[in-house]
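> Sending over a structure as structure tokens; questions will come in a sec.
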Amino acid sequence: MPFLEIQGLVKRYGSVAAVDGVDLAVERGEFLSLLGPSGCGKSTTLLAIAGFVEPSAGSIRIDGREMAPVKPNRRNIGIVFQSFALFPHMTVAENVGFGLEMRRVSAAERGHRIAEALALVRLDELAGRYPKQLSGGQQQRVALARALVIRPDLLLLDEPMSSLDAKLREEMRVEIRDIQRRVAITTILVTHDQAEALLMADRVAVMDRGRIARIGRPYEVYEDPGSAFVSNFLGRTNLIAATVVGRSGGRLRLRVGEVEVDATGDVNGSTAMLSLRPERLSFGSDGVPGKVESCLFMGGQWLYRVATPIGELAVIRPNEGGAHVPEGGTVRVTWPPEAARVVHE
Amino acid sequence: MSDRRILAPYALSAPATAVLTAFMAAPLVMVLMLSFNSFTMATGIRPGFTWANYAEVLGDSYFHTIFGRTFLLAAVVTAVSVLIGAPEAYIIHRMRPPWRSIFLLIVLGPLLVSVIVRTLGWAVLLGNRGMVNTLMMRLGLIERPAEFMYTFTGMAVALVHVLVPFMVLSVWASLRRLDPAVEAAGLSLGASQATVLRRIVLPQAMPGILSGSLIVFTLAASAFATPAIVGGRRLKVAAMAAYDEFLNSQNWPLGAAIVVVLLIAMVTIVLGYNRIVERRFHQVFQ
Ligand SMILES: Nc1ncnc2c1ncn2[C@@H]1O[C@H](COP(=O)(O)OP(=O)(O)OP(=O)(O)O)[C@@H](O)[C@H]1O
Ligand SMILES: [Mg+2]
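Quick mapping for you: the protein sequence lines, in order, are chains A and B.
The first sequence finishes on residue 592 if you use our numbering, and the numbering steps up by one all the way, no holes.
The second sequence finishes on residue 305 if you use our numbering, and the numbering steps up by one all the way, no holes.
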């Protein structure tokens, strides 16, 4: 039985459905990322799990127990809010200790566990500071320590890293991931950053307009996104409208203009959307002919835009120190057969 | 260039300084000078320098009673305003958008009506032959009219009504800066709604409560119209005493001394209070 089980969750605000039928099962100790564009209902889903949003329909069960009658302060869920929501009038230690105090943990035991939690997020020296006296990253770690110290059954993180700078965010991702592994706590991370979701989670759920569009292991979802929306949202992709000209054994023969290509996947009907990941494309001696329109240097890679008979293609090649194809150069774009995938619109 | 930079703030604040000097500082200095003049019924005001007026204000038990009553009234009004205004502000803060502005308007509405009109309203409503007393007597609930006019309680109630909007506004302003997620965080950590109110909301509303108290206290201590109408001649407060010396006894120097003593007492209280508040909350709230 899954640890957290959500069935048919709906939340309506007036006539708008912020969450429109979410089914989700999360195993004990699992790290799940809830990913999606702004306004797709991620926060609403999270708040419903925590009990701050009352579902219009559907059920939420934690460890087999129906959550509807359980008040937010009885759910034993640790939350890190997007805004951190630290108590500004309490020191770091008091912030972290608040949940323990509410659980009537003795002062001695409390001091011990506060120190332990602060050590976990590497903030031991700042216990006496007030939140205003901390940097964004430090505040975030206080919020994390405060949520972890109560040993919650479930940890919910709502875009906890969105206000950090790029460098700090990268460090925090690894740090949170490590901590989560160490304390083996069931975790849901809400984010609209696909790199973050792929990097941190055991499984990724991509949401679109109040529903879960695709769920699975990061690699699976990335490689087999299923729909145009997911493939575009998870990383970048070249989407090409094509007509189906033949089928054989799970592969389709597609025609785009004058060119015919094979692709994995299946569709009903005679048109299909072809997805080609830019990093799976390369330049070779055969393949689709094209002309390099632009060539951008991104540090670790080159990003090309190539005009071809099947449309403009983005191509990403690793920077291996050698010469790159200059703008205006003619190339042939090729890809391994499994890189061509058919997705739904 | 750099000279101009330095001068700019002075130039920009010059008009305000001029207005303040003309209408605040100058009259105050004149009142201060006046308070050292002497006065007798026979001779009227005599220029000169004497501490006699201060000796009278500070030494006479008649004035002790008046000042005692003034500050007790201000303290009671402030305390009651906190008890009514702070919860009121929190309730308004928790309301949904259309209701929030409607109720805020209702709270602030009385400020649009002159203090005199509002206080006379109290008199009509609660006087010995006022509507409430008449009704209660007709119904046989009471035999004699309940005293409200010309009582300390009456003054306090009427002043609270006049001043509580300032408290609501002040507390509401500080609650507006409260992140709603902070309350949710408190709940998620296992606190009850009451504990969240006491341990998380109240401390953060404290700056608003404290500054609101300051406003209400100073306005109550220097109030004139409401105590004059509801309290009447029998229950004088400092502002009325000064008024009487100026206009009834024509003893301007003594009136001026009362004003100066009231001013110094209030400035001392305000500064002392501010000092305590700043020391207590400096680290948390900038
Ligand atoms: N209290 C509310 N009243 C009305 N509509 C709401 C309310 N809360 C959320 N919504 C709407 O529900 C939808 C989903 O909101 P939600 O906050 O869950 O989005 P999100 O996926 O978390 O977005 P973001 O990435 O921007 O945080 C949005 O269209 C939003 O406008
Ligand atoms: Mg959100």
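Glycine included, C-beta positions come from ideal geometry on N, C-alpha and C.
Since leucine 401 of chain A and isoleucine 309 of chain A should fall inside the 8 Å C-beta cutoff, what is the C-beta to C-beta distance between them, to a whole number of angstroms?
Translated into positions along the first sequence, residue 401 of chain A becomes position 154. Translated into positions along the first sequence, residue 309 of chain A becomes position 62. The pair is a contact, with the Cβ atoms about 6 Å apart (cut-off 8 Å).
> Taking only beta carbons into account, state which residues of the stretch 176-210 of chain B come closer than 7 Å to chain A, listed in chain order.
So the list reads Asp198, Ala200, Val201, Ala203, Ala204, Leu206, Ser207, Leu208, Gly209 and Ala210, given in the order they occur along the chain.
> How do the stretch 176-189 of chain B and the stretch 316-326 of chain A stand: do at least 3 beta-carbon pairs fall below 8 Å, yes or no?
Because the criterion of three Cβ pairs below 8 Å is not met, the stretch 176-189 of chain B and the stretch 316-326 of chain A do not touch.
> Would valine 215 of chain B pass as a contact of leucine 206 of chain B if the rule is Cβ separation under 8 Å?
In the second sequence, the residue the question calls residue 215 of chain B occupies position 196. In the second sequence, the residue the question calls residue 206 of chain B occupies position 187. Contact flag set, yes.
> Just to confirm, does arginine 439 of chain A get its C-beta within under 7 Å of one of the non-hydrogen atoms of ligand 1?
As a working note, residue 439 of chain A is residue 192 in the first sequence. According to the sequence provided, residue 439 of chain A is histidine. The question's arginine does not apply to it. Yes, the Cβ of histidine 439 of chain A comes within 7 Å of a heavy atom of ligand 1.
> Measuring only the C-alpha atoms, how far is valine 590 of chain A from alanine 204 of chain B?
In the first sequence, counting from the first residue as 1, residue 590 of chain A sits at position 343. In the second sequence, counting from the first residue as 1, residue 204 of chain B sits at position 185. Whole-angstrom Cα-Cα distance: 41 Å.
> May I ask you to check if the CB of valine 421 of chain A is nearer than 7 Å to at least one heavy atom of ligand 1?
Residue 421 of chain A sits at position 174 when you count from the first residue of the first sequence. Because no heavy atom of ligand 1 lies under 7 Å away, the Cβ of valine 421 of chain A does not count as near it: no.
> Give me the chain B residues within the contact set of proline 302 of chain A, using Cβ-Cβ distance strictly less than 9 Å, ordered along the chain.
Taking the first sequence and counting its residues from 1, one reaches residue 302 of chain A at position 55. What proline 302 of chain A touches in chain B: nothing, since even the nearest Cβ is about 17 Å away.
> Could you pull out every residue in the same chain whose Cβ sits closer than 8 Å to the Cβ of proline 226 of chain B, ignoring the five residues on either side in sequence?
In the second sequence, counting from the first residue as 1, residue 226 of chain B sits at position 207. Once the five neighbours on either side are set aside, the close Cβ partners of proline 226 of chain B are Ser193, Val296, Phe300 and Phe304.
> Please determine, among A:Gly504, A:Gly497 and A:Gly496, the residue with the shortest C-alpha to C-alpha distance to arginine 488 of chain A.
Taking the first sequence and counting its residues from 1, the one referred to as residue 488 of chain A is at position 241. Arginine is not the amino acid found at residue 488 of chain A; the sequence shown has alanine there. Checking every option, the nearest Cα to that of alanine 488 of chain A belongs to A:Gly504.
> Run the CB neighbour count on glycine 209 of chain B, radius 10 Å, all protein chains shown included, and call it buried at 16 or more, exposed below.
To locate residue 209 of chain B, count along the second sequence from 1; it is residue 190. Burial call: buried.
> List the whole-angstrom C-beta distance separating valine 386 of chain A from proline 399 of chain A, where the pair is believed to meet the contact cut-off of C-beta under 8 Å.
As a first step, residue 386 of chain A must be located in the first sequence, where it is residue number 139. As a first step, residue 399 of chain A must be located in the first sequence, where it is residue number 152. It should be noted that the sequence gives glutamine, not valine, for residue 386 of chain A. Not quite, the Cβ-Cβ distance comes to about 19 Å (not below 8 Å), so this is no contact.
> Alpha carbon to alpha carbon, how far is glutamate 356 of chain A from leucine 367 of chain A?
Reading the first sequence from its first residue, position 109 is the one you call residue 356 of chain A. Reading the first sequence from its first residue, position 120 is the one you call residue 367 of chain A. The straight-line gap from Cα to Cα measures roughly 17 Å.
> Quick check: does the Cβ of aspartate 405 of chain A come within less than 7 Å of any heavy atom belonging to ligand 2?
The sequence position of residue 405 of chain A within the first sequence is 158, counting from 1. Within the cutoff, so yes.
> Compute the Euclidean distance between the alpha carbons of phenylalanine 82 of chain B and threonine 237 of chain B, then round it to the nearest angstrom.
Taking the first residue of the second sequence as position 1, residue 82 of chain B is located at position 63. Taking the first residue of the second sequence as position 1, residue 237 of chain B is located at position 218. If I take the Cα positions, the gap works out to 19 Å.
> Quick test of your reading: valine 289 of chain B and alanine 261 of chain B, contact by CB under 8 Å. State the CB separation rounded to the nearest angstrom.
In the second sequence, residue 289 of chain B corresponds to position 270, counting from 1. In the second sequence, residue 261 of chain B corresponds to position 242, counting from 1. 19 Å between Cβ atoms; not a contact.
> Within its chain, find whatever has a CB closer than 8 Å to the CB of alanine 175 of chain B; leave out the 5 residues flanking it on each side and keep chain order.
By one-based count along the second sequence, residue 175 of chain B stands at place 156. Closer than 8 Å at Cβ, skipping near neighbours: Leu92, Val95, Val96 and Val99.
> Taking its Cβ as the centre, do 16 or more other Cβ atoms sit within 10 Å of methionine 49 of chain B, making it buried, or is it exposed?
For the purposes of this step, residue 49 of chain B is taken as the residue at position 30 of the second sequence. Counting Cβ neighbours within 10 Å, methionine 49 of chain B comes out exposed, since fewer than 16 surround it.
> Say the cut is 7 Å; is the CB of lysine 379 of chain A nearer than that to a heavy atom of ligand 2?
Counting from 1 along the first sequence, the entry for residue 379 of chain A is found at position 132. Checking every heavy atom of ligand 2 against the Cβ of lysine 379 of chain A, none is found closer than 7 Å.
> CB arginine 428 of chain A to CB serine 522 of chain A, shorter than 8 Å?
To locate residue 428 of chain A, count along the first sequence from 1; it is residue 181. To locate residue 522 of chain A, count along the first sequence from 1; it is residue 275. Against a cut-off of 8 Å, the Cβ pair of serine 522 of chain A and arginine 428 of chain A comes out as no contact.
> To the nearest angstrom, report how far apart histidine 571 of chain A and tryptophan 549 of chain A are at their CA atoms.
Counting from one through the first sequence, the residue named residue 571 of chain A turns up at place 324. Counting from one through the first sequence, the residue named residue 549 of chain A turns up at place 302. Approximately 8 Å, taken between the alpha carbons.
> Rank A:Leu381, A:Arg527, A:Met419 and A:Thr438 by C-alpha distance to the C-alpha of aspartate 405 of chain A and give the top, closest one.
Position 158 of the first sequence, counting from 1, holds the residue named residue 405 of chain A. When only C-alpha atoms are compared, the closest one is A:Thr438.
> Between the stretch 551-562 of chain A and the stretch 493-508 of chain A, do at least 3 Cβ pairs fall closer than 8 Å?
Touching, yes, given that three or more Cβ pairs across the two stretches are closer than 8 Å.
> Starting from tryptophan 118 of chain B, follow the alpha helix (DSSP H) in both directions and report where the run begins and ends.
Within the second sequence, the letter at position 99 stands for residue 118 of chain B. Taken as a continuous stretch (DSSP letters only), the alpha helix (DSSP H) holding tryptophan 118 of chain B covers 116-127.
> Pick helix, strand or coil for methionine 520 of chain A, following the three-state DSSP scheme.
Here the question's residue 520 of chain A lines up with position 273 in the first sequence. Three-state result, methionine 520 of chain A: strand.
> Using a Cβ-Cβ cut-off of 8 Å, state whether isoleucine 295 of chain B counts as contacting chain A.
Residue numbering aside, residue 295 of chain B sits at position 276 when the second sequence is read from its first letter. Taking Cβ atoms only, chain A never reaches closer than 8 Å to isoleucine 295 of chain B, which makes this a no.
> Consider the Cβ of phenylalanine 345 of chain A: report whether some Cβ of chain B lies at a distance smaller than 8 Å.
For the purposes of this step, residue 345 of chain A is taken as residue 98 along the first sequence, with counting starting at 1. Interface residue, yes.
> As a quick exercise: from A:Leu486, A:Thr484, A:Asn485 and A:Val514, pick the residue whose alpha carbon is nearest that of glycine 496 of chain A.
Taking the first sequence and counting its residues from 1, the one referred to as residue 496 of chain A is at position 249. Per the Cα distances, A:Val514.
> Measure from the alpha carbon of isoleucine 324 of chain A to the alpha carbon of each residue in A:Phe299, A:Met545 and A:Glu526, then state which is nearest.
Position 77 of the first sequence, counted from the first residue, corresponds to residue 324 of chain A. Ranking the options by Cα distance to isoleucine 324 of chain A, first place goes to A:Phe299.
> For the beta strand (DSSP E) containing tyrosine 260 of chain A, list its first residue and its last residue.
Position 13 of the first sequence holds residue 260 of chain A. Element bounds for tyrosine 260 of chain A: 251-260.
> Name, in chain order, the residues that DSSP records as bridge partners for isoleucine 459 of chain A.
In the first sequence, the residue the question calls residue 459 of chain A occupies position 212. A:Met454, per the DSSP bridge assignment.
> Please state whether the Cβ-Cβ distance between alanine 265 of chain A and threonine 291 of chain A is less than 8 Å.
What you label residue 265 of chain A is simply residue 18 of the first sequence in a count that begins at 1. What you label residue 291 of chain A is simply residue 44 of the first sequence in a count that begins at 1. Yes, the pair counts as a contact, with Cβ atoms nearer than the cut-off.
> State the beta-bridge partners of arginine 498 of chain A as determined by DSSP.
Counted from its first residue, the first sequence places residue 498 of chain A at position 251. DSSP, once it has assigned bridges, lists A:Ser495 and A:Thr511 as partnering arginine 498 of chain A.
> Should serine 409 of chain A be flagged as near chain B, meaning a C-beta pair shorter than 8 Å?
The residue given as residue 409 of chain A occupies position 162 in the first sequence. False, the Cβ-Cβ gap to chain B never drops below 8 Å.
> Would you mind stating whether alanine 244 of chain B and valine 143 of chain B have Cβ atoms separated by less than 8 Å?
Here residue 244 of chain B corresponds to residue number 225 of the second sequence, with the count starting at 1. Here residue 143 of chain B corresponds to residue number 124 of the second sequence, with the count starting at 1. Taking 8 Å as the Cβ cut-off, alanine 244 of chain B and valine 143 of chain B do not qualify as a contacting pair.
> What's the C-alpha gap between aspartate 9 of chain B and valine 136 of chain B?
With chain B covering 20 to 305 only, the question about residue 9 of chain B has no answer from this structure.
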